[in-house]
Each structure stands twice: as structure tokens, then as C-alpha cells.
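Protein sequence lines, in the order shown, are assigned to chains Z and F.
So the first sequence is numbered by UniProt numbering: it starts at 1 and just counts up by one.
So the second sequence is numbered by UniProt numbering: it starts at 1 and just counts up by one.
Idealized CB from N, CA, C, for every residue including glycine.
Number of protein chains: 2
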Amino acid sequence: MIPTPYLLFLGDAPDQLAAKVAQGIKDWRPENAVGQFRLPGCGASVGIDDLTLQEAWDAGARTVVIGVANRGGVISQAWKDVLIEALEMGFDLASGLHNLLRDENDLVAAAHVAGRTLHDVRIPSVAYPIASGVKRTGKRCLAVGTDCSVGKMYTGLAMDAEMRKRGMKSTFRPTGQTGILITGGGVPLDAVVADFMAGAVEYLTPDNDADHWDHIEGQGSLFHASYSGVTMALVHGGQPDALVLSHEPTRTHMRGLPDYNLPSLEALRDAALMFARVVNPDCEVVGISVNTQHLTEAEANECLAEIETRMGLPAVDPFRHGAGRLVDALQAL
Amino acid sequence: MIPTPYLLFLGDAPDQLAAKVAQGIKDWRPENAVGQFRLPGCGASVGIDDLTLQEAWDAGARTVVIGVANRGGVISQAWKDVLIEALEMGFDLASGLHNLLRDENDLVAAAHVAGRTLHDVRIPSVAYPIASGVKRTGKRCLAVGTDCSVGKMYTGLAMDAEMRKRGMKSTFRPTGQTGILITGGGVPLDAVVADFMAGAVEYLTPDNDADHWDHIEGQGSLFHASYSGVTMALVHGGQPDALVLSHEPTRTHMRGLPDYNLPSLEALRDAALMFARVVNPDCEVVGISVNTQHLTEAEANECLAEIETRMGLPAVDPFRHGAGRLVDALQAL
Chain Z
1 MIPTPYLLFL
11 GDAPDQLAAK
21 VAQGIKDWRP
31 ENAVGQFRLP
41 GCGASVGIDD
51 LTLQEAWDAG
61 ARTVVIGVAN
71 RGGVISQAWK
81 DVLIEALEMG
91 FDLASGLHNL
101 LRDENDLVAA
111 AHVAGRTLHD
121 VRIPSVAYPI
131 ASGVKRTGKR
141 CLAVGTDCSV
151 GKMYTGLAMD
161 AEMRKRGMKS
171 TFRPTGQTGI
181 LITGGGVPLD
191 AVVADFMAGA
201 VEYLTPDNDA
211 DHWDHIEGQG
221 SLFHASYSGV
231 TMALVHGGQP
241 DALVLSHEPT
251 RTHMRGLPDY
261 NLPSLEALRD
271 AALMFARVVN
281 PDCEVVGISV
291 NTQHLTEAEA
301 NECLAEIETR
311 MGLPAVDPFR
321 HGAGRLVDAL
331 QAL
Chain F
1 MIPTPYLLFL
11 GDAPDQLAAK
21 VAQGIKDWRP
31 ENAVGQFRLP
41 GCGASVGIDD
51 LTLQEAWDAG
61 ARTVVIGVAN
71 RGGVISQAWK
81 DVLIEALEMG
91 FDLASGLHNL
101 LRDENDLVAA
111 AHVAGRTLHD
121 VRIPSVAYPI
131 ASGVKRTGKR
141 CLAVGTDCSV
151 GKMYTGLAMD
161 AEMRKRGMKS
171 TFRPTGQTGI
181 LITGGGVPLD
191 AVVADFMAGA
201 VEYLTPDNDA
211 DHWDHIEGQG
221 SLFHASYSGV
231 TMALVHGGQP
241 DALVLSHEPT
251 RTHMRGLPDY
261 NLPSLEALRD
271 AALMFARVVN
281 PDCEVVGISV
291 NTQHLTEAEA
301 NECLAEIETR
311 MGLPAVDPFR
321 HGAGRLVDAL
331 QAL
């Protein structure tokens, strides 16, 4: 686990999009974000106080999170002075960048001297077991997509937030670096060694209270030629009681695969349910999460109505309309 | 690639079963096995000449393969003198043991001084790409199982051997350590990082002549809760033109998962074909490979006849009856 709360380091982010990770932390776990730290020329803000390292420390922050994505994922030399000073003051550092904190000799040296930890959340920090397939207590919901990057993480976070608002027992279980930074822990599933993928998902979602829901962050798609194995491990390791189908209706081909069409929602439903029932015969598809960001409000409503009628399941865009109806569907199970 | 041919090191193998890897090399690539090396007390033999290191070197051997599985997969201290002498003479060493050659300081030192290579075939030696899904030339056949360890490797090796016998263009493509040691190269798929699994399979089975067949070694099962993600990557990375279903009819539950039943051959056929057609719309299931080792000849024939009638596809045990009818089915495609 990464010590919380955080100071969000935006560095010299050129624009708001580059600060997506920091924005996600502020949106979903505002209690984890005591402030932001920006260098001269920074073009982004997540709308919280600009704090010095000392102010952040005094406010309780214990980790500086690099909440910014550079082109190429590199750790800019311009950031180093601040990051080294932070280590010397007692902060841990956390990053989801492709280039690793642990590969920067000056950061490693400073962390060693200060006795602090560098959290590279792209790299597994646990020796995960082989999946046992043994039935676990508690409830689990998994979003499965017609494609990658269609809103599965957002759906899980929104359902978790809605459940907490209703006083239900709920935990979001991250499987990618952004989700791990948001909550402070999880499994970077795409970096786990093949044999241990499903076991890592079992590890992430252990036995729990009978009325507790894990919202497992989905990855990839069963129909995506590059990443389907990761998705399969989520379905079998997750033992889901409920599946939410995630879809982006304007996508013209599978992400990164120009020759590949998206599967239909019906094909996704049937395939995901068949494999989920191998590990949990009671699994049901409870609803559809549609990412309508590229549609007008009128187009979105029309699209959702069409899908809802066709599939006979609640179809919502949790960003536009909240995840209430999806949570209703889980409560009705 | 591991330099061939080999001297097969049987060490102090307690019995024949412990020499399974060496036996596989001798059975499938006898041209790779110039001789065997046994220590006092060895209870195994693969039926080829016992050679000294010098005799093996003179006969052309360039790698000493540890063709024996110890309890716990350890590299016995009793082996070290021979292995170090072999390195000093100019041999490489190759091993599929769980404990790695590279973790033995004395072997690492001897290899370094002699300028030789330690081949730990459980560990990927290549930075595999993310799968592109781009259609490749040539033909590919993949065995998919109702369970793990039902004879998929044997099926692929037997079909490859039969094709070569017929003068067809054919290559066996190993995805596990035994297969890699047999042929001298391949991808240890269960040790590849999740995001690169399908890409590793694409890498293993590149563009080829239009009439060339790759026989891709299958792993796991789409229905095995622990390893299904690896199997999925084989289906999507392999772009199979042909699938062979592999089955062991006396298995009472999924290997290692006492609470899990095996899927039916029909369920396996439908699931595997659906996902294979995502990457290759022309894919067909061509036959069924049944491992009848626990049945009498009469029982085996009855079992095969029942499956053949039920599934409408050739059903054979390639160990008992050869892979001829499976190859016939590929030729008829």
C-alpha cells in the first residue's frame, strides 16, 4: 500500500489531459489529495490548493504522487530537485510512469539515505499465487468491455461511490496503475507473469462479508487480440457474481487493431457469462455501461434507450447519469 | 536458440519418470541427442550410448541438457562437478528446472570464465512485442484442451512428425520448457508478462510459406480457472487455421481444481472456435485427440468411436494410432 494522503505533483504538465492521473485521484478520493505541486509553466490544475512540500507535510501528506503523464512516460530532470527534496523530508514517491523511479539513480540514492520507498505501481510488488478457484465469500462485480478503454475503470469507481453513498459495503479493486494510485493499492495486472494472473485477481479480492461488494477494475476485452488473456484471468480469478457490459458506441474498430471490428453486446454477454459461470454458476449480467462522451445528450439518450430495449437490461452512462441504476440492479440480485 | 546437438544429462535420476524431458528429446528429436550422461546410482536410461563429456564433444554435442526433474526442481550439488567441467570444455548448459542455472553462483562463474551460455528455458530471453493481430501468411494448427496435461504437446509433436514424414512443410512451435528443450527454441509462455503473451505467440509463429504448417504447442484450457488467460493468448496470438480438441476421458475434475468439472467437447469446440474466428474467420476444428493411456485397447476404441460419432470429426489417440488422420484432416482443409 502507498501511504496516504498524497501531495499531487503536476510538474510542468503542458495541459490538463497530461494531469489525468492527478485529476482521477482528486475526483474519486479527494480525501487522499491534500494539495497539488506545480512547477513554473505548468498548464494543468486539478482545482485544489497549491502547497509547498512543507505545507503538504504539515497537512499530513506522506507520499508525493507523480500525477502527470509526460510524452514517453519519462521522469523529467526538471522534476528531480523537488522529488529529491521530498524524499529527504520523509515523503515516499509513487508513479505509474513507464520509466521507473527505481531506474533513476539519484532518486534511488536519495530514497536509500532517507529510508523512504519508491512505489512504481506498474511493477508487481507481491509474489502472487497460482489461482486456486476456491469459492470466496462476499460479492464481486466486474466490468467487461467490447473493447479496451471504453470506461470500465470509471464504471467500477462510480458504482463503488454510489454504494458507499447508500451506506453499502463496497471496495474498488484496481488492476491498473491509475486505479492503484487513486486508491493506494491494487494489482498491476498487465505486468503480472502469465501463470499468476488469475491468482493475482484472487489475491486482490479475498473473502469478505456476505453483503460486501468488490468492484474489480476490468482490463482489455475478451475480443481484443492483444489483451484478451488478461481479461480472461479477470473473469476466472474474479469469480464475479455480476457482470456489467461496457461499450463505446462510436468506436469503429478495436483500439490499436484497425482490421478488427468490435463484437456485439450480445456476443460479449454470452461469452463473458459462459466463462464467468465456470467459476461462479450464479453469475448474471446486470446492466450495460455506455460511454457516450462523443454523443450529444439527445444522441446519448437515444443510444441508451435502443440498447436498453434490445438487451433487456439497464443501460446507462455513469458519467452523465450516475451509476444508480447499475447499483439498483446489484441490490436486486 | 540452444546449440544442438545435445548430451543428455540424466544425473542421479531415481527412476525413468524423472528422465521425462530427456526421453522426449530422444523420442522426438533423436538427431539432437548424441548420447546420455549418467552418474552412479542413476535409475533411468533413454536407451542411447553413455558418453563421457569428451566423447560427446567429439561427436558434435555443444550443449549439456539437464534432462531430469528432481523433486523440487533443484540443481543437485552432486551434478555440479560434471556441469562445471562441461562449461570449461566449451559446452553450453540448458535446463527447464524451476531452480535456475543462473542462480547458482559456481555455474555462473564457470560459464563467465569459459564464455558459455546458461539457458534457463523457463525464463523468456526476448522482449516480446504487444500483439498486432495482423494476418500472417502460412498455416497454423493449435491444440486446445478440455483440461491441462491432456496431451496437447504430444499431439502437436506427432502431427509435426507425420507431416515431415509426408514431405510437407511443418514446424513444431514450443510454448513450454519441455518442448523448448526438445527443439532448441520457443517461448516459455507461462512466464511471459501478461501484456505480451499474445505478442509472444505471434513472434513464435511468424509469416511463412503458404503451404507451411506451424503446430503451436497448446497450454492450459480456456475452461481452467488458473491458466485460461494463457490459453486465450494462444488462441488470439496463434491465428489458428485449424484447431484440434484434446481430451483425457478418465479425468474426473480439472487438474488441480477438485471442485471443477471438465467442459464437454462441444462446449470447448464452440468457445475455442468463436475466439479463434476473431483473429481468423476461416478457422475450423479438424479433429479430436484423445489421450487413452488409462483405457484398455477395447475401451479406447469404444471411446474414440463414440466421440467420433458424436462430434462428427476424426477422433484418434496419436500415441496409440498415430496422427495420420489428423494430418489428413489438415490436408483436406
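Counting C-beta neighbours from all protein chains within 10 Å, is the total for residue i 16 or more, i.e. buried, or is it exposed?
i	result
D103/Z	exposed
G312/F	exposed
D259/F	exposed
I123/F	exposed
A143/Z	buried
D207/F	exposed
L333/F	exposed
S291/Z	Per the sequence shown, the amino acid found at residue 291/Z is Asn instead of Ser. Classification for N291/Z: buried.
S125/Z	exposed
A59/Z	exposed
R173/F	buried
V121/F	buried
T146/Z	buried
G133/F	buried
G41/F	exposed
E297/Z	exposed
G90/F	exposed
V21/Z	buried
V113/Z	exposed
A111/Z	buried
Tell me, which residues are paired with residue i by DSSP?
i	result
Y6/Z	A33/Z, T63/Z
M254/F	L257/F
G11/Z	R38/Z
H119/F	A94/F
W213/F	K139/F, S170/F
S289/Z	S246/Z, V316/Z
G145/Z	S246/Z
D50/Z	Q36/Z
E284/Z	A242/Z
V193/Z	V193/F
Measure how close the beta-carbons of residue i and residue j come, nearest whole angstrom, since I'm counting them as under 8 Å.
i	j	result
E248/F	G156/F	Rounded, the Cβ-Cβ distance is 16 Å, inconsistent with contact.
A33/Z	I48/Z	6 Å
D12/Z	A78/Z	6 Å
H236/F	S228/Z	5 Å
V201/F	V193/Z	Incorrect: roughly 16 Å between the Cβ atoms, too far for contact.
S226/Z	G324/F	Rounded, the Cβ-Cβ distance is 36 Å, inconsistent with contact.
M232/F	M232/Z	4 Å
Rounded to the nearest angstrom, what separates residue i and residue j at their Cα positions?
i	j	result
F196/F	A267/F	27 Å
L181/Z	S221/F	33 Å
R62/Z	Q36/Z	13 Å
V64/F	W57/F	10 Å
M168/Z	C141/Z	14 Å
G185/Z	N105/F	36 Å
residue 418/Z	D270/Z	Residue 418/Z is absent from the model: chain Z starts at 1 and stops at 333.
V74/Z	M1/Z	23 Å
M159/F	F319/F	11 Å
A315/F	D27/Z	58 Å
E85/F	A19/F	22 Å
R116/F	L7/F	15 Å
N280/Z	F275/F	21 Å
L304/F	L330/F	19 Å
L51/Z	D214/Z	34 Å
R251/Z	M153/F	39 Å
H294/Z	A44/Z	23 Å
Say yes only if the C-beta of residue i is nearer than 7 Å to one or more non-hydrogen atoms of the ligand NAP, and no if none qualify.
i	result
L17/Z	Among the ligands in the structure shown, none appear at all, so the ligand NAP cannot be discussed.
What does residue i reach in chain F if we use C-beta pairs closer than 7 Å?
i	result
S264/Z	In chain order: nothing, as chain F lies at least about 12 Å away.
G229/Z	A194, M197, A198, G229, V230, M232, A233
I130/Z	S226
Along chain Z, in chain order, which residues have C-beta atoms closer than 8 Å to that of residue i?
i	result
D259/F	G133, V134, K135
Which bits of chain Z does residue i rub up against, with CB to CB less than 7 Å?
i	result
L189/F	A194
H236/F	A225, S228
For residue i, which residues in chain Z fall below 9 Å Cβ to Cβ?
i	result
V279/F	A225, Y260
A271/F	A271, M274, F275
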